[in-house]
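Per our numbering, numbering of the sequence shown is gapless, rising by one per residue and ending at 330.
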Amino acid sequence: MPLPLIKPYLSKFLSKKLSLALLTSLALVACSPADDADTTSANANEPITDAPQTEAINNTTNEVSRETVNEQDNVVAIEQPITILALGDSLTEGLGVNPDDNYPAQLEVTLKEMGYSNVKVVNSGLSGETSTGLVNRLDWVAQTKPDITILTIGANDAIRGIDVATVEDNIRTAVKHLQDNGSEVILGGMQIYDNLGSDYVESFAAIYPRVAKDMNVTLIPFFLNGVGGDPELNQADAIHPTKDGYTIIVNDNILPILAPKLEAMVETENN
Numbered sequence: 060m061p062l063p064l065i066k067p068y069l070s071k072f073l074s075k076k077l078s079l080a081l082l083t084s085l086a087l088v089a090c091s092p093a094d095d096a097d098t099t100s101a102n103a104n105e106p107i108t109d110a111p112q113t114e115a116i117n118n119t120t121n122e123v124s125r126e127t128v129n130e131q132d133n134v135v136a137i138e139q140p141i142t143i144l145a146l147g148d149s150l151t152e153g154l155g156v157n158p159d160d161n162y163p164a165q166l167e168v169t170l171k172e173m174g175y176s177n178v179k180v181v182n183s184g185l186s187g188e189t190s191t192g193l194v195n196r197l198d199w200v201a202q203t204k205p206d207i208t209i210l211t212i213g214a215n216d217a218i219r220g221i222d223v224a225t226v227e228d229n230i231r232t233a234v235k236h237l238q239d240n241g242s243e244v245i246l247g248g249m250q251i252y253d254n255l256g257s258d259y260v261e262s263f264a265a266i267y268p269r270v271a272k273d274m275n276v277t278l279i280p281f282f283l284n285g286v287g288g289d290p291e292l293n294q295a296d297a298i299h300p301t302k303d304g305y306t307i308i309v310n311d312n313i314l315p316i317l318a319p320k321l322e323a324m325v326e327t328e329n330n
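Structure follows, in structure tokens:
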């Protein structure tokens with residue numbers, strides 16, 4: 060799936076021999092859990108019953124990184140196993156789009172095209188999820204042993220008018236839990252409708268940069284930047300992105316933050 064929007068990142072990774080190869084329409088509607096949340100990428104909400112497979116995943120994290128060159132595509136192949144956990148609500152799950160079209164699935168395909176042959180993006184988005192619910196399942200999703208977690212949560216808290224301090228405390232708890240388990244966290248910033256009152260709106264938006272600064276976390280300032288408010292990039296509910304909307308989120312909002320971290324991770328492994 061060649062994507063013109065990722066060419067700047069491809070060229071960056073090709074330039075070095077060992078380099079790698081929400082705004083006002085944010086979803087403030089409580090999303091009903093989807094009956095079938097099947098995705099083509101791994102799903103951290105499903106029970107882990109295959110012990111040999113789990114053991115294999117654990118073992119691959121200890122493998123030494125290797126790089127090979129695909130001469131036909133002129134792409135440096137990064138064979139180091141990397142697991143990315145996409146953790147959040149319906150915006151992560153991809154409510155309303157095909158399993159191949161949500162952002163975790165698109166991100167995995169794009170990263171493989173960039174040369175990360177052993178990357179896995181685990182979709183642990185859950186429709187209707189609040190920050191409290193997310194905290195309650197942290198031990199479960201931690202079984203994926205992610206190298207990097209993209210955390211995007213808070214919209215459903217806002218629709219319920221949950222106290223901002225509670226939301227922030229939950230996000231801090233989630234970040235700390237993930238960090239303590241060896242995962243580097245990327246926090247997706249959220250914005251909400253003004254009809255909740257300016258004080259709440261401003262206080263809510265301020266959660267994300269404050270947490271990012273205090274906890275040494277990289278911030279995506281607004282997860283839906285360039286997509287929120289555009290009817291052509293959102294479904295009929297004017298809330299959830301379409302396939303094309305998710306493509307923009309991946310290429311314009313996630314990759315500029317994620318790509319340098321992956322590059323640094325591979326370089327560290329090689330040194």
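Quick reminder that beta carbons are idealized off the backbone N, C-alpha and C, glycines included. Predicted model, so just to flag it, every value in this text is computed and none were measured.
Below 6 Å CB to CB, which residues in the same chain sit around residue i once its five sequence neighbours on both sides are set aside?
| i | result |
| --- | --- |
| T108 | Since pLDDT at T108 reaches only 38, below the 50 mark, its modelled position is unreliable, and the value read off the structure follows with that caveat. Around T108: no qualifying Cβ. |
| E243 | I207 |
| G241 | none |
| N275 | none |
| N229 | S190, T191 and V194 |
| H299 | L154 and G155 |
Tell me the rounded alpha-carbon separation between residue i and residue j.
| i | j | result |
| --- | --- | --- |
| D24 | H236 | Outside the shown range of the chain (60 to 330) lies residue 24, about which nothing can therefore be said. |
| L166 | I307 | 11 Å |
| D253 | P158 | 32 Å |
| V156 | T301 | 7 Å |
| L317 | G187 | 26 Å |
| G147 | I212 | 5 Å |
| I141 | N177 | 6 Å |
| G220 | A264 | 14 Å |
| F281 | P268 | 10 Å |
Grab the span of the beta strand (DSSP E) containing residue i for me, first residue to last.
| i | result |
| --- | --- |
| S183 | V178 to G184 |
| V286 | Looking at the DSSP string, V286 is not in any beta strand (DSSP E), and its letter there is neither H nor E. |
| E243 | E243 to G247 |
| L279 | A quick correction: the sequence has Ile, not Leu, at residue 279. Residues T277 to I279. |
Where DSSP assigns a beta bridge to residue i, which residues make up the other side?
| i | result |
| --- | --- |
| P300 | N293 |
| Y175 | I137 |
Hey, quick one: how far does the alpha helix (DSSP H) through residue i stretch, first residue to last?
| i | result |
| --- | --- |
| G192 | S190 to N195 |
| T232 | V223 to D239 |
| A214 | A214 to I218 |
| A164 | Y162 to E172 |
| L210 | Unbroken run through L210 is the beta strand (DSSP E), I207 to T211; no alpha helix (DSSP H). |
Less than 8 Å between C-beta atoms, sequence neighbours within five positions excluded: which residues of the same chain meet that for residue i?
| i | result |
| --- | --- |
| A323 | none |
Hey, out of the options, whose CA is closest to residue i's CA?
| i | options | result |
| --- | --- | --- |
| G285 | V270, P268, A265 and I313 | I313 |
| N182 | G174, G192, P163 and E172 | P163 |
| K204 | A297, P315, G287 and L144 | L144 |
| D239 | E326, A295 and D198 | D198 |
| A224 | I266, K272 and G184 | I266 |
| T325 | G174, D160 and V180 | In the sequence as presented, Thr is not what sits at residue 325; that position holds Val. Of G174, D160 and V180, the residue nearest in Cα terms is G174. |
Please tell me whether, using a cut-off of 8 Å, the distance from the CB of residue i to the nearest non-hydrogen atom of the ligand ATP is below it.
| i | result |
| --- | --- |
| Y259 | With respect to the ligand ATP, the structure offers nothing, as it holds no ligand at all. |
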